[in-house]
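Chains as they are written, first to last, in our numbering: chain F, 15 to 176; chain B, 2 to 782; chain L, 105 to 256.
From the three backbone atoms N, C-alpha and C, an ideal C-beta is built for every residue, glycine too.
Note that this is a predicted model, so its numbers are computed, not measured.
Notes for the one structure printed next.
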Amino acid sequence: MSKEMDVTVTVNGEVFQRTIEPRLLLSDFIRHELNLSGTHVGCEQGVCGACTILFDGLPTRSCLMFAVQADGHEIRTVEDLGTMEDLHPLQEAFQEAHALQCGFCTPGFLMSILPVLEGTTDLSEEDVQRAMEGNLCRCTGYQHIEDAVRLAAEKMSSGSES
Amino acid sequence: MAKLIGKRITRNEDPRLLTGQALFVDDVELPGMLHAAFLRSEYAHAKLKGVDVSAALERPGVIAAFTAEDMGDAWSPGPPLVIPPPTIEDVEFYTRTQVPLVKDKIRHAGEPLAIVIAESRYIAEDALDDIVVDLEPLDVVADIERALDPDSPLVHDDLESNLAAHLVQEKGDYAAAREQADKVIRRRIVIERGIAGAMENRGIVASWDNKQQQLTVWDTTQSPIPIRNGLASMFGLSEHQVRVIAPFVGGGFGPKIMMFYPEEVLLTWSTLRMGKPIKWIEDRRENFYATTQERGQVHDVELALTNDGRILGLSDDFLHDTGAYDPYGLTIPLNTQCHALGPYDIPSYSSDLKVIFTNMTLTTPVRGAGRPQGVFVIERMLDIAAKELGIDRAEIRKRNYLPKDVFPYDNLIIDQAFSSFVIDSGDYLPAMEKALEMIEYEKFTQEEQPKLREEGRRVGIGVVSFIETTGVGPYEGARVTIESSGKVSTATGVGTQGQGHFTVFAQIVAEQLGVDVRDVHLVTGDTAQFHWGTGTFASRGAVVAANAVNAAASIVRGKVLELASELLETPEEELELEDGVVRVADIPTKSMSLGELAQRANPLRGAVEPGTEPGLEATAYFGPKYGATAFGTHAMIVEVDLETMMVEIKRYIVVEDCGTVLNPLIVDGQLHGGVALGIGNSFYEKLVFDENGQLLNASFADYLIPTAAEIPRIEIAHQVTPSPLNPLGSKGVGEAGAIPVPALFAQAVENALGVDGLEILESPLSPQRLFELLHGEETEA
Amino acid sequence: MKIEGEHVFNGSREDVWAMVRDPEVLATMLPGTTNLNQLSENEYEGAINLRVGPISGGFSGRIVVEDEVPPEHCKLVAEGEGRPGFFKGSGTVDLIEVDAGTLMKYEGEIQIGGKLASIGQRLIDMTSKTMIRQGMKVLDAALEERKANVMD
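Here you go:
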C-alpha cells in the first residue's frame, strides 16, 4: 500500500498541514480534507474545468494534480473571493448578468477569469473569449458569462469594490 | 402593488452558489460515512455465470461487497416509472425494467454487477479490480433496424423478438390524401444518440439512522417525492420515515429523473443493512454508461402535398431505440409523434411506431424528450417539398400554419400525458414574420447570399418553426407562510437544477404579498418540507409549480386582508399590501406589519373562533386540464469552411412564445442554454458505438460538449400569447431552445453547401460527415 | 481496428518461421509480456501488461494458430480480457522470399472493448504501431543471434 506523506499547503492565505496518501487528488484534498467544497469535480479528466483553482496564481485543474504536488505552494479557491454578504466584483457581475444557472461550473469559471482581470481590465473581444474557452457550461450557453466578464472588467477598472 | 412578475430580477440563490456555499450531494459529509463503487459490465451482452467478491473483501479498508445473490428477496426489477397510455387502442407493450444488480444476463455495457463499500472511494475502486467475473459474451444487438431481423440475438429471452412496443396513431385518411396529392415525397431520416451531459454527475448519500428509525437520502434527482414514496414502499418503511433531499443539483436535463436507478436501490438497501451512511458519486466515464441517454430513431416518412405546398397528409413509420429496458414507457416517441405535426394543419396523419430493445444504455428523456426528432422530421420534409415545388421555405410554412382562431385545437392523437393532444393557444405567423425580419431574410437571400456565393463562400440561411408541449400535469403544490419576522417562507415539491425557482417563485409570492423578493425564502426538493408532487420535467416548473405557488400566495393574501381588516377596522377594499405592511390606502400611518399580523394570527394564549386556522399560511395545488403548448421560430445564418468543414454560426435568432414571461432574465438564460445544447446535438456531439455495443468516446475529450467558442450570441424576441389554461398565463420554456436546432442546422448547412441533390437527412452532423456527404464517400465510423 | 504492415527480415523463410513459432522468442517480442506458454502445437496462452495513455493494466489471453502452411502462411486467432477491457481478433501472416531475405506481410482485424475502447481510442492506433515496431526490432535481433549461434 502507498505510504503516507506530510504536506504543507497554503490555501486562501491559511497554512494547512496534513498527512495524506500520495495518490490523493488535489481536488479531493481541497473538497474533503479541507472541507472547501466550492471547487467542484465534473470530469476528473481535465476537460470541463469545474475544478479550476489558482496554483501559485495560475489557473490549474485540481483534478489533474496530486495533493502532494501542492506541498510548499499557494492555492486560492473560490472561497477566497468573497462572502455572501460581501461579493467580489466578479461575483457581483455574475449575479447581475445572470451568468450562472445550476452554479456547478461557476467556481471554475470564476477562478479562470479572475487572474485575467487581475492582470488587466482592458479586454478585447478575443481576450474575453479566451478567458472563457477553457471551461464547459451546459446551462447558460455562455452568453451571460461573456456579459459578466465585461461587466466585471468595468467594475474592477473603475476601482469600485462594491 | 409593485409589479414583480415579468421583471428582470437577479436571482436570490446566486450569492450562495457564487461563494461556494451551496450544498451539492458530494458536499454532504456525515460522521462514519462510507463510500461505494460499482463494478460495471464491460460487455454489452453476456450471460453472467458468477461474480466472486471474496478477494475484494480481503482488501484492507473494504467493509462490504454485495452481488445480486446477496440481495435475496429484496432483488427485483424496478417498477416502471411511466406506463403506456391506457387511452390508445391496441398498444402492444412489453414492460421490462432495469435491475438493481445483474443476476443472470448483462444487457448493456455499464450494467452494475456488484457494489463495494469501503472507507474511501479510492479503496472501493481498487477493490473493484479484485472482483472476478465469470461470463460468456453473447452477440450484441447494436442496431435498431437489424434488431428486428428474425435471426437477431434477443435482449430479453422471454420475448419473441426485440420489439418493445408497437402502436399506430392515425387521423383522417392518409391513403386518400396520398391519392389526391400532386406531390408525394418520401425520405429516410436517421437520428442518433447523445447524452445530457450535466456538469454534475449523479450522486447519492443514503443514511439509515437505526436509533431514530429514519432514512435520509440526498440524491441528485429531479423528482425527490416519487423517489421517497418509492423507496418507502420498496423497503417497507412509512413514508414519514424517509426523507429525500435534492439539494442544489448541477444540471438535470432529464436523465436525473428516473425511478429507480440501480444505485438508488443499492445505496438504500446497503445503508439499511449496515446502519452507516454511504456515499456514491458517479464519475464522468460511468455517466456515459450508467446515466440514461436519448435520441436514437429511424424514420421512413412520406409527405403528401398540393402543388401550392399545402400538406394533405403525413405518414411516418419509425423505430425508436429504448435501450436495454423501457421503464419510461412511450413518453419520448409519443412526443415525437405529436411534434411531427408541428404548428401545421395536417388533415391526415398516420404514424406507426415500433420501440426496439437494444443492448445499449436506457433511453429516457433528455432536454426535448423526443420533440426534436419530430420537429426534425416535419421541418426537413417541408424543406424538401419547398425545393421540389419551387416555393420559398418560409412561405411554405406560412401556408400550412394553423390559423390563430382555431384554438384550442385538437390534433386527434394521444400525447405523452395520455390525453388527446390539444394545443391551447398559438399565433404562429407573427413569430415567423418577426424571425424573418430580425435575420433580414429577404436581404440575405436576394442580395448577400448570391454575392458571397459568387466569391466562393458557402453561406446559408435556415428558418424553422416548432411547437413545444409544456406544463403537463398531473399537478404540483406549494405552501406559503408569513412568519413572525415578516419574512415569507414558501415550500414546494419540485427540485431545482438551475432554473431559478428560488427567484421566480419568490417573485410571484412577493407580488401577491407586497414584500421584497429577497425576503421570500424558498425551500424546494426536500420531502420533509413538502411531500406532494411529481418533479421537474417536461418544462413544467413555471407553469404547474408557479401556479400552485400563486394560488397559495393568493389565499394567504386573502387571509392577510381579512385579519387586517378586522384589526384595522377598515374594509378590505381600502387596504393595500406593500413594503411588508398592510396599510389603509389614504392613511399610511394606519398600518400593521405582516410580521405583527402573523403573530396576531398565532396567539400563544387565549381562545380562537371555532374553525380558525392558525397563522397566515396556505397550501394549494394546481393541475392543468392539459399541457400548454409553447412555440417559436428560430433562424440562423451559417458559413461552411470547405477545407475544414467547420460550420460557423454568423447569426442566431430566437423568436419564442412561452405565454406570460415570469422573469425575462431567467427565460433568456433558459433559451441560451437550450440552443447551446441543441447546437451540440446538431454538430459536435455524437455517441459513437461499435457493432459490439462498445462506446468509443466515453469522455469529454472525445464527446464534444460545445465551449464558448462554438456558441454564437443569440438574439431573442419574445411574443406573448398567454395560455388560457392557468391564471398566470404561462407556458414552459425549459426545453424550447434545444428543440428546433438540429432541424435548423440541417436546413442552413444544406443551404450553405448549395449542392443539387445533397440532402441532409440525419443528425448529428460533423465535419467528417459533411465531407462525406459533399464528396459522396463512405468512410468507417 | 485494422492492423496491417510489412517488414523485411534478414534471413530465410525457414529461419523466420521457426522464430515466429518459438514461444521463447515470442515472449520477448511484445513489451510488457509477463509470460507466454505453449499449451499445445497450436495454442498459446499468456499475460501482458499494457499501457495505453491513461489506461493500464494486465491482460490474459490466448492465441491459436490455424491454417498453417510452413514456412509461408498462417492465421492467428486471439482473444483476451483484463481490467482495461477485452479484445478479440484474427489476422494472417505471410512470408515471401525476396532478395533481401524474407518479407513478412501481416494483416488483421481486432475488436476492442471496455475501458480501453472508450477512453483510449485516439491512442490505440499509435500504441499498437509502436508495439509492433518494437516487436519487429526484437525479432530482427533474435534472428541475428540465431544466425550467429548457428555459425559458431
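- For B:H340, the secondary structure class from DSSP, reduced to helix, strand or coil, is helix.
- Under the rule that a run must span 3 or more residues, the beta strand (DSSP E) segments found entirely inside the region 175-226 of chain B read 184-192, 204-210 and 215-220.
- The Cβ neighbour count for B:T364, taken over all protein chains shown within 10 Å, is at least 16; the residue is labelled buried.
- Chain-order list of chain B residues neighbouring F:Q105: D15, P16, L19 and T20, by C-beta distance under 9 Å.
- At a cut-off of 8 Å between beta-carbon atoms, B:R203 makes no contact with chain L.
- Any Cβ of chain F closer than 8 Å to the Cβ of B:V734 would place that residue at the interface, and such an atom is absent.
- The contact set of L:I223 on chain B, defined by CB atoms closer than 7 Å, consists of R286, A699 and S700 in chain order.
- Proximity of chain B to L:R187 at the Cβ level (cut-off 9 Å) is accounted for by L129 and D130, in chain order.
- For the region 94-132 of chain B, the full-length beta strand (DSSP E) segments reaching 3 residues or more read 113-119 along the chain.
- Burial of B:D322 is indicated by the presence of at least 16 other C-beta atoms within 10 angstroms of its C-beta.
- Against chain L, the CB of B:E137 has no partner CB under 8 Å away; the residue lies outside that interface.
- Going by C-alpha positions, B:A115 is about 19 Å away from B:M260.
- Residue F:P103 holds the alpha-carbon nearest to the alpha-carbon of F:A167 among F:A64, F:P103 and F:D85.
- Closer than 8 Å to the CB of L:G218 there is at least one CB belonging to chain B.
- Under a criterion of Cβ atoms nearer than 7 Å, the residues of chain B adjacent to F:S51 are, in order, G21 and D28.
- By the rule that beta-carbons nearer than 8 Å mark a contact, L:Q238 does not touch chain B.
- When rounded, the separation of the alpha-carbon atoms in B:A529 and B:V245 is 8 Å.
- In the DSSP assignment, L:G165 falls within the beta strand (DSSP E) that extends over I159 to V173.
- When DSSP states are grouped into helix, strand and coil, L:Y148 belongs to the strand group.
- About 5 Å separates the CB atoms of F:Q59 and B:S700; that is less than 8 Å, so the two are in contact.
- Around the C-beta of B:G51, fewer than 16 other C-beta atoms lie within 10 Å, and the residue is accordingly described as exposed.
- Cα atoms of B:A539 and B:P334: separation of roughly 14 Å, rounded to the nearest angstrom.
- C-alpha of F:T97 to C-alpha of B:V545: approximately 34 Å in a straight line.
- Our two residues, B:A23 and B:V218, have alpha carbons roughly 17 Å apart in a direct line.
- Per the coordinates, the alpha-carbon of B:A744 lies some 15 Å from the alpha-carbon of B:V648.
- Taking a beta-carbon distance threshold of 8 Å, B:H673 counts as an interface residue toward chain F.
- Here DSSP, grouped into helix, strand and coil, assigns B:P589 to strand.
- When the Cα atoms are used, B:V185 and B:I279 turn out to be separated by approximately 60 Å.
- Taken atom to atom, the span from the alpha-carbon of B:P404 to that of B:L729 is near 24 Å.
- Closest in alpha carbon position to L:I236, among L:M123, L:C178 and L:Y210, is L:Y210.
- DSSP lists B:Y345 as the beta-bridge partner residues of B:Y402.
- Within its own chain, the residues whose Cβ lies closer than 8 Å to the Cβ of B:V367, once the five positions on either side in sequence are excluded, are G195, I196, A197, F254, G255, P256, T293, Q294, E295 and R296, listed in chain order.
- Contact note: B:F422 does not reach chain F at a C-beta cutoff of 8 Å; the least C-beta distance is about 29 Å.
- Chain-order list of chain F residues neighbouring B:T708: E147 and L150, by C-beta distance under 7 Å.
- Taking 3 residues as the minimum length, the beta strand (DSSP E) runs contained wholly in the region 61-89 of chain B are 63-67, in order along the chain.
- For B:A718, the uninterrupted beta strand (DSSP E) segment begins and ends at I715 to Q720.
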